[in-house]
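Throughout the sequence shown, residue numbering follows full-length UniProt numbering, covering 2 to 326 in sequence. Cβ coordinates follow ideal geometry from the N, Cα and C atoms, glycine included. Here the structure is a predicted model, which means the values were calculated and not measured. Have a look at the structure below before the remarks.
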Amino acid sequence: TQAPVNVTVTGAAGQIGYALLFRIASGQLLGQDVPVKLRLLEIPQAVKAAEGTAMELEDGAFPLLAGTDIFDDPKQAFEGTNIALLVGARPRSKGMERGDLLEANGGIFKPQGEAINAGAADDIKVLVVGNPANTNALIARSHAPDVPADRFTAMTRLDHNRALAQLSKKLGVPVTELKKLAIWGNHSATQYPSVQHAEVSGKSVDVDQAWLENDFIPTVAKRGAAIIEARGLSSAASAASAAIDHVFTWVNGTPAGDWTSAAVASDGSYGVPEGLISSFPVTAENGQYKIVQGLEIDDFSRARIDASVAELVEERDTVQKLGLI
Ligand code: NAX
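Structural data, given as structure tokens:
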């Protein structure tokens, strides 16, 4: 039988953590034949709450769960880890400037990048969920020089899934009939959910531009705020579900004739500066995400992509000035 895969989850006692851990334990992250060992990282004040979650994981008697360990030290939490889900982050508090937010998160993602560099397994794959996700991933990656750059990714799969759901409702077709949607740029309000290459039941999608601009794009980009407004709490189960999808696809591949979206290190494609962690349409094969190449980009898409990428460049320049990368 296969040795368990080590999965580190940071922010394990938070609300996404609570939704995520049980799905990992049930085998949905990697597959129904892959045992997993959980390594939970929390800040000292939240270790007790993480212990409570670990008790519940034990009570699930999950056949694939080979054990749960809890840490408050990143060095230990990432030792030998194969999959790292970086969920814990510093939220923006009232009156906090963007620079302060990036700096506070630098204090989290720099040591985590260093710990991954020092101790993670050779096949380490990292997904950053904690916001600002793209730039947090950039910070972590820049402190892990021995890890191939393409192992650091940030999550836009929730945005991708939200886009699928909205288009499915609009067209009155199940999500399974939709292919080749794409999220471009930053996981923020500037993101660009694109239907330019999308297909419904094998044909190109025909929706009017006004609906795209006034309805679809803002609904997808502002969905997080709408969830907070309705639920009184930010998206958690849907975010956990998207994190499961991101890793499952990364490991098991995309189906032929389709792609998904993930924020990955740019290779300079589509005018996105090399090294920036930006969302692209991607395929996965043999455990690697690859940016879909050679797509024609229309003028509307061009302007939207450029605007979101400009925001990422700004974030990168800020963390560079702060000495975080
Ligand atoms: P919570 O505040 O419920 O949980 C965060 C947890 O992280 C807390 O338990 C906290 O103690 C822990 N934490 C803080 N610093 C830590 C550190 N240095 N090491 C380990 N743990 C640490 O937030 P939750 O709702 O779970 O959201 C987590 C993150 O996901 C937030 O940054 C949020 O903005 C982000 N999101 C990202 C999404 C995406 O699509 N990329 C969507 C959902 C979500 O908003």
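Nearest-angstrom Cα separation, counted from A264 out to S270: Looking at the two C-alpha atoms, the distance is approximately 13 Å.
Outcome for L182 when other beta-carbon atoms lying within 10 angstroms are tallied against a minimum of 16: Answer is buried; the Cβ neighbour count reaches 16.
Between the CA atoms of E312 and R305 - distance to the nearest angstrom: Inter-residue distance for R305 and E312 is about 11 Å (C-alpha atoms, whole angstroms).
For R40, the residue or residues it bridges with in DSSP: Answer by DSSP bridge pairing, in chain order: T9 and D70.
Beta strand (DSSP E) runs contained entirely in the segment 153–177, provided each spans 3 or more residues: Whole beta strand (DSSP E) segments, 3+ residues: 153–155.
Sequence-distant residues of its chain with Cβ nearer than 6 Å to F72 (five each side left out): If you ignore the 5 residues before and after F72, its C-beta comes within less than 6 Å of the C-beta of L42 and A78, all in its own chain and listed in chain order.
Cβ neighbour criterion (16 or more within 10 Å) applied to Q321: So Q321 ends up on the exposed side.
Backbone CA spacing between L102 and P92 [nearest angstrom]: Approximately 8 Å, taken between the alpha carbons.
Cα-Cα separation between V314 and R158, rounded to whole angstroms: If you take the alpha carbons of V314 and R158, they lie about 21 Å apart.
Contact set for E178: own chain, Cβ-Cβ below 6 Å, skip 5 residues either direction: In the same chain as E178, and ignoring 5 residues on each side of it, the C-beta atoms closer than 6 Å to its own belong to V201 and S202, in chain order.
Length of the line joining the Cα atoms of Q210 and H188: Their backbone Cα atoms lie some 23 Å apart in a straight line.
Any non-hydrogen atom of the ligand NAX within 7 Å of G233 CB: Outside the cutoff, so no.
Sheet register partners of W185 (DSSP bridge): Looking at the DSSP output, W185 shares a beta bridge with Y193.
Of the listed residues S302, K49 and G324, nearest to H198 (C-alpha basis): Checking every option, the nearest Cα to that of H198 belongs to S302.
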